[in-house]
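A.B. asks: Dropping a structure here in structure tokens format, bear with me for questions.
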Amino acid sequence: MAIITIPDEHRALSDPEAITPYLASIGIDYERWEPAHPITSDAPAAEILAAYSAEIEKLKTLGGYVTADVIDVNPQTPGLDAMLAKFNREHWHDEDEVRFIIHGRGIFHIHPRQGPVSAIEVEAGDLIRVPGGTWHWFNLCADREIRAIRLFQDPAGWAPRYTESGVDSGYQPVCFGAAHVPPLPSQTQL
Ligand SMILES: [Fe+2]
Numbered sequence: 008m009a010i011i012t013i014p015d016e017h018r019a020l021s022d023p024e025a026i027t028p029y030l031a032s033i034g035i036d037y038e039r040w041e042p043a044h045p046i047t048s049d050a051p052a053a054e055i056l057a058a059y060s061a062e063i064e065k066l067k068t069l070g071g072y073v074t075a076d077v078i079d080v081n082p083q084t085p086g087l088d089a090m091l092a093k094f095n096r097e098h099w100h101d102e103d104e105v106r107f108i109i110h111g112r113g114i115f116h117i118h119p120r121q122g123p124v125s126a127i128e129v130e131a132g133d134l135i136r137v138p139g140g141t142w143h144w145f146n147l148c149a150d151r152e153i154r155a156i157r158l159f160q161d162p163a164g165w166a167p168r169y170t171e172s173g174v175d176s177g178y179q180p181v182c183f184g185a186a187h188v189p190p191l192p193s194q195t196q197l
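Under the working numbering, think of the first position of the sequence shown as 8, with each following residue one higher.
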């Protein structure tokens, strides 16, 4: 389940009943795909796309998406910093940005034309649709890992267009989600 923070109002939303309507009010579609399909998060991309094919086809029909792929990012990804630098400044796209998170975490900051900036921390099982034209930016969490299904109306139209507003520099990409802490050896025997 995503965690929403509204830094300018010192407010956070983690109640599942509150998250979807709040995001809808700022133009963001959010849903959970549950139950998750029984597939490991490190399965080959083709297997993940096959496991979620019913959901993907439904979204394609609803949103006019024509292709889907799996984006895989981790600290070993060549050129990771350059890749992230393209998306961590306020921008928009002509096309929707649609992500279903398979593994890892990240933060979308959304800057509505009216209203405060909202941070959406996404995790496995979260589907988010950022409509074309929405001002936003994206950061990974500290472990710098994410794996997600992406859907495209036209991959060629998905280039970032920067606002150059500098608004993004006023918000820290702080993740609140449970960090993975390996169990102590004594706990593994319980
Ligand atoms: Fe984007």
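In this text, a Cβ means the ideal position worked out from N, Cα and C, and glycines have one as well. Remember, it's a predicted structure, so these values are computed and weren't measured experimentally.
Just how far apart, CA to CA, sit residue 9 and residue 35?
C.D. replies: Going by the C-alpha atoms only, they are around 13 Å apart.
A.B. asks: Would you say residue 97 and residue 182 are within 8 Å of each other, going by their C-beta atoms?
C.D. replies: Not a contact, by the Cβ cut-off of 8 Å.
A.B. asks: Quick one: does the C-beta of residue 42 sit closer than 7 Å to a heavy atom of ligand 1?
C.D. replies: Checking the Cβ of residue 42 against ligand 1 gives no.
A.B. asks: Determine the closest residue to residue 94 out of 42, 145 and 37, with distance taken between C-alpha atoms.
C.D. replies: Residue 145 is the option with its Cα nearest to residue 94.
A.B. asks: What residue from 173, 153 and 137 has the CA that sits closest to residue 30's CA?
C.D. replies: Residue 137 is the option with its Cα nearest to residue 30.
A.B. asks: Since residue 153 and residue 111 should fall inside the 8 Å C-beta cutoff, what is the C-beta to C-beta distance between them, to a whole number of angstroms?
C.D. replies: Right, the Cβ-Cβ distance comes to about 4 Å (below 8 Å), so this counts as a contact.
A.B. asks: Does residue 166 come out as helix, strand or coil in the three-state DSSP assignment?
C.D. replies: In the structure shown, residue 166 sits in coil (DSSP, three-state: anything other than H, G, I, E or B).
A.B. asks: On the criterion of 16 or more Cβ atoms from any shown chain inside 10 Å, does residue 18 qualify as buried, or is it exposed?
C.D. replies: Counting Cβ neighbours within 10 Å, residue 18 comes out exposed, since fewer than 16 surround it.
A.B. asks: Residue 145: beta carbon under 7 Å from a heavy atom of ligand 1?
C.D. replies: Residue 145: yes, Cβ under 7 Å from ligand 1.
A.B. asks: Across the segment 75-91 and the segment 119-128, are there enough close Cβ pairs to call them in contact, namely three or more that are closer than 8 Å?
C.D. replies: Not touching, per the Cβ criterion.
A.B. asks: How big is the Cα-Cα spacing for residue 14 and residue 150?
C.D. replies: Approximately 22 Å, taken between the alpha carbons.
A.B. asks: Output the distance between the C-alpha atoms of residue 155 and residue 175, rounded to the nearest integer angstrom.
C.D. replies: Cα-Cα distance, rounded: 23 Å.
A.B. asks: How should residue 106 be labelled, buried or exposed, when 16 other C-beta atoms within 10 angstroms of its C-beta is the threshold for buried?
C.D. replies: Answer is buried; the Cβ neighbour count reaches 16.
A.B. asks: Alpha carbon to alpha carbon, how far is residue 172 from residue 118?
C.D. replies: Their Cα atoms are separated by approximately 11 Å.
A.B. asks: Considering only their Cβ atoms, is the gap separating residue 158 from residue 80 smaller than 8 Å?
C.D. replies: Against a cut-off of 8 Å, the Cβ pair of residue 158 and residue 80 comes out as no contact.
A.B. asks: Please list, in chain order, all residues of the same chain as residue 43 whose beta carbon is under 7 Å from its beta carbon, the five residues on each side excluded.
C.D. replies: Correct list, in chain order: 132.
A.B. asks: Using 7 Å as the cut-off, classify the Cβ of residue 94 as near or not near the heavy atoms of ligand 1, replying yes or no.
C.D. replies: Yes, Cβ of residue 94 sits closer than 7 Å to a heavy atom of ligand 1.
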